[in-house]
Amino acid sequence: MDVELLEIRQHMAQFPPFDSLSDELLDDVAGHVEVGYFKAGTPILTLDQEVHDLCYIRSGAAEVYRRNGDLYNRLGEGDIFGHFSLLRNHRARFPATALEDTLIYFIPEAVFRRLCEADEHFADFVELGRPRLEAAVEDQKKSNDMMITRVRKLLTRYPVMVESTTTVQEAARQIGEAQASAALVLDAAGQRPRYSFTDSQERVWEMCGILTDSDFRTRVVAEGLPPDTPVGRLVGKPPITIQSDESVHEAMLTMLRNNIHHLPVLYRRRPVGIVHLSDIIRYETHSSLYLVSNIFNQSSAAGLAKLAPDVRAAFVRMVEEGANSLMVGSALSTIGRSFTRRLLELAEQELGPPPVPYCFMANGSMARNEQSIVTDQDNALVLSDDFDPERHDAYFLALAQRVSDGLHACGYTYCKGEVMATNAKWRQPLSVWRNYFRDWIDDPTPERLLHSSIFFDLDSVYGEEDYVEQLQDLVAGKAAKSPLFLAAMARNALNRTPPLGFFRTFVMEKDGKHNNSINLKRRGTAPLIDLIRVHALACGSRAQNSFDRLDDIANTQLLAPGVGDKLRYALELIAMSRIRHQVIDIQQNREPDNNIEPENVADTERHNLKDAFQVLSNAQKFLKYRYPMPSRSR
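Residues 1 to 634 in our numbering are what the sequence shown lists, from first letter to last.
This is how it looks when you write it as structure tokens:
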């Protein structure tokens, strides 16, 4: 896409109803726009004029009149008009005149019709004809704007980009002139196509890093580097990026997960801007972003523990504003990771630097980015193979104990099965972990299957990420080639069944404490996650999140057409039912749990739950046939 078309789509992407369109639809619009210029006082549309285009104000202003000549509306940059005529008889009912010199983008009727058919939000906007402010208020009531707004809306300028041979003095000058806080560092295209793009002059570049104002302070001024130092010497690896189509919420999570303040935004692979953490703060002033910021500002474990009520408040707010289970799980997992990271930082400050490199590994729901407000700890330490127990283990035990105790104080209870880094078995060198995983796959005993169901959801939280990535690669490569292991995991996944009895009635818990209730985790989300994990292992997926795993499974022929979608809907429905009832518990000053009483559930939700449990039941029946136990040779 050339520079002119890119500028058109970038401008339109800032205003409703175009701000919610996919990149593909925006490309379609930009590629068909015709431009018209009108001097002040010039008519744009006359009464009963034949209309075959939607009018979009690029700059300037226009006045729209009623048939009797009275002023109907005054429109400015980003507003549209002419849509009523396109939806009715193609005659201008409201004539329009340029109030000042005005530039209009004319969008052909054929494109307008395609947008109405392809995007429900666009169709609602133009058909209801709501003013922009009213539309924005109504949309905020329906959903958390941060979770549906695309990150491109935060962009106000193109990124500053400098070649790796540029001096730090020249780069600082360009950043200052642009009133920016960072610049992308480019080099001639190398061997990494993922980071390469073609500019408007058909030159191919590779992003090799990002240089921020903080880098100038800490790596140039503080170290006394000369002004003619090439910026290429200051960057080590390509930056973490996000696509312009992603949500502001995802941009926030990306920054928080990677502890970065600048996030380059790409349209396909071409940089179109850089979002700073402050951009999101200005956009969303009461989100979990503030909670995470507070976490990293705390100077003690006691200070962190005082933030526990804020976690519940953020959880309630997300649900009330329309977040789905993936959004809630991702946000709560990010908060949990932030607590963990800060506790590790505080522990290192007290204990001193670690004697050998390590990675603190999350398992279970945190690793899957599916954490709930009701959760315990599942974590471990993967240590360098230089680890010597006699010389080093006292340090790592103390480190693990501080983190585990701190997490417990913050509301993440101790694991009853002691799957924590405080357990010496789960505080081992990388080579030992690799042997663990090989043994679990090669000889799947009941105990090893239990460990597999916990540790095969794994992700790094802090430290040497490569250690955990090596374990992820081992699992993805080895499990898919082990039919005995897959068959054993499949049967293990059948231990927890959905609460359906005869005639699709519910089977209630009878454990005393929760009589006549249903545990939505034990009887719903957990068995669904278990069977999705088995299919994901079978297809060699490296994804950890259950919805991401379903995406990978969909690219194979493991499941019949449509089954993956049914599993996705079932997981979302059960998870959200569980989440909403936890919110009710919190609002009524009860300790939230995973249980619901069907008589307290609305008829619609009860019927939907039955359908979701039936999907789970059918999927479990298929599981044992899909992964038969291989015959053992004598």
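Idealized CB from N, CA, C, for every residue including glycine.
Residue from the options with nearest C-alpha to residue i
i: V356; options: M366, E350, Q377, P389; result: P389
i: F396; options: G417, L484, L344; result: L344
i: L6; options: S22, A30, F360, L21; result: A30
i: P354; options: A488, F84, Y462; result: Y462
i: A536; options: A479, A570, D70; result: A479
i: M576; options: R438, M327, Q377, D552; result: M327
i: I280; options: C116, N73, K153, Y358; result: K153
i: N600; options: D611, I584, V615; result: I584
i: C641; options: G224, A172, T340, M161; result: Because residue 641 is not part of the residues shown, which for the chain are 1 to 634, the question remains open.
i: L399; options: V168, A488, V382, A182; result: V382
i: V534; options: R549, R523, L26, Y158; result: R549
i: L567; options: Q371, L47, V615; result: V615
i: A421; options: D405, G411, H121, A409; result: D405
i: P95; options: L71, A118, P498; result: L71
i: Q620; options: L500, N555, N589; result: L500
i: L155; options: V248, Y414, N608; result: V248
i: R113; options: L99, A40, L25, D530; result: L25
i: L304; options: F216, R268, E350, L407; result: L407
i: L559; options: P592, N618, V311, R522; result: N618
i: F125; options: A362, K39, D79, Q472; result: D79
i: N68; options: R491, P108, L47, P498; result: L47
i: K521; options: S541, I532, P498; result: P498
i: L266; options: D199, D473, A118, T42; result: D199
i: V419; options: S384, A602, D385, F456; result: F456
Beta-bridge partners of residue i, as assigned by DSSP
i: Y56; result: I80, Y105
i: M361; result: A380, S460
i: F197; result: W205
i: P271; result: L266
i: R427; result: L381
i: A182; result: T212
i: M161; result: L184
i: A222; result: Looking at the DSSP assignment, A222 forms no beta bridge with any residue, so it has no partner.
i: S644; result: Only positions 1 to 634 of the chain appear in this structure, which leaves residue 644 out of reach.
i: G96; result: Reading off the sequence shown, one finds Ala at residue 96, where the question assumed Gly. In the DSSP output, where bridge partners are listed per residue, A96 has L45, V64.
i: P389; result: Per DSSP, none; premise fails for P389.
i: H276; result: H262
i: T167; result: P230
i: V595; result: Checking the displayed sequence, the identity of residue 595 turns out to be Asn instead of Val. Answer is N519, bridged to N595.
i: R91; result: E50
Cβ-based burial, residue i [other Cβ within 10 Å; buried from 16]
i: P16; result: buried
i: N369; result: buried
i: P628; result: exposed
i: F503; result: Confidence at F503 is low in this model, with a pLDDT of 35, below 50, so the placement of that residue should be treated as unreliable; the coordinate-derived value is given next. It counts as exposed.
i: H276; result: buried
i: E134; result: With a pLDDT of 41 at E134, under the threshold of 50, the predicted position of this residue should be treated as unreliable, and no value is reported.
i: V292; result: buried
i: V221; result: exposed
i: K481; result: exposed
i: V635; result: Within the shown structure, residues of the chain are numbered from 1 to 634, placing residue 635 beyond reach of any answer.
i: G512; result: Bear in mind that a pLDDT of 49 at G512, under 50, signals an unreliable position, so the model cannot answer this.
i: A302; result: exposed
i: N519; result: buried
i: V204; result: exposed
i: D459; result: buried
i: E206; result: buried
i: K142; result: Any reading at K142 is ruled out, since the residue's pLDDT is 46, under 50, leaving its predicted position unreliable.
i: P444; result: buried
i: A40; result: exposed
i: Y412; result: buried
i: H90; result: exposed
i: T42; result: exposed
i: Q371; result: buried
i: V168; result: buried
Residue i: CB within 7 Å of a non-hydrogen atom of the ligand NAP
i: P264; result: No copy of the ligand NAP appears in this structure; indeed no ligand is present at all.
Evaluate the contact criterion for the stretch 243 to 257 versus the stretch 222 to 232: three or more CB pairs, one atom per stretch, below 8 Å.
-> no
Three CB pairs or more closer than 8 Å across the stretch 82 to 90 and the stretch 14 to 29 | no
Touching by the beta-carbon criterion (3+ pairs, under 8 Å), the stretch 235 to 244 and the stretch 304 to 316 | no
Count the CB pairs spanning the stretch 43 to 53 and the stretch 180 to 189 that are closer than 8 Å, and state whether there are at least three.
-> no
Let me know the beta strand (DSSP E) ranges lying completely inside the stretch 6 to 79, each 3 residues or longer, listed in chain order.
-> 34 to 38, 43 to 45, 53 to 59, 62 to 65, 71 to 75
Inside the stretch 308 to 371 only - alpha helix (DSSP H) runs reaching at least 4 residues = 308 to 320, 325 to 351, 365 to 368
Counting Cβ pairs, one atom from each stretch, are 3 or more of them under 8 Å apart for the stretch 55 to 69 and the stretch 102 to 122?
-> yes
Ordered list of alpha helix (DSSP H) runs contained in the stretch 432 to 496, each at least 4 residues | 446 to 455, 465 to 479, 483 to 492
Are three or more beta carbon pairs between the stretch 436 to 443 and the stretch 463 to 479 nearer than 8 Å?
-> yes
What alpha helix (DSSP H) runs, 4 residues minimum, are completely inside the stretch 541 to 577?
-> 546 to 554
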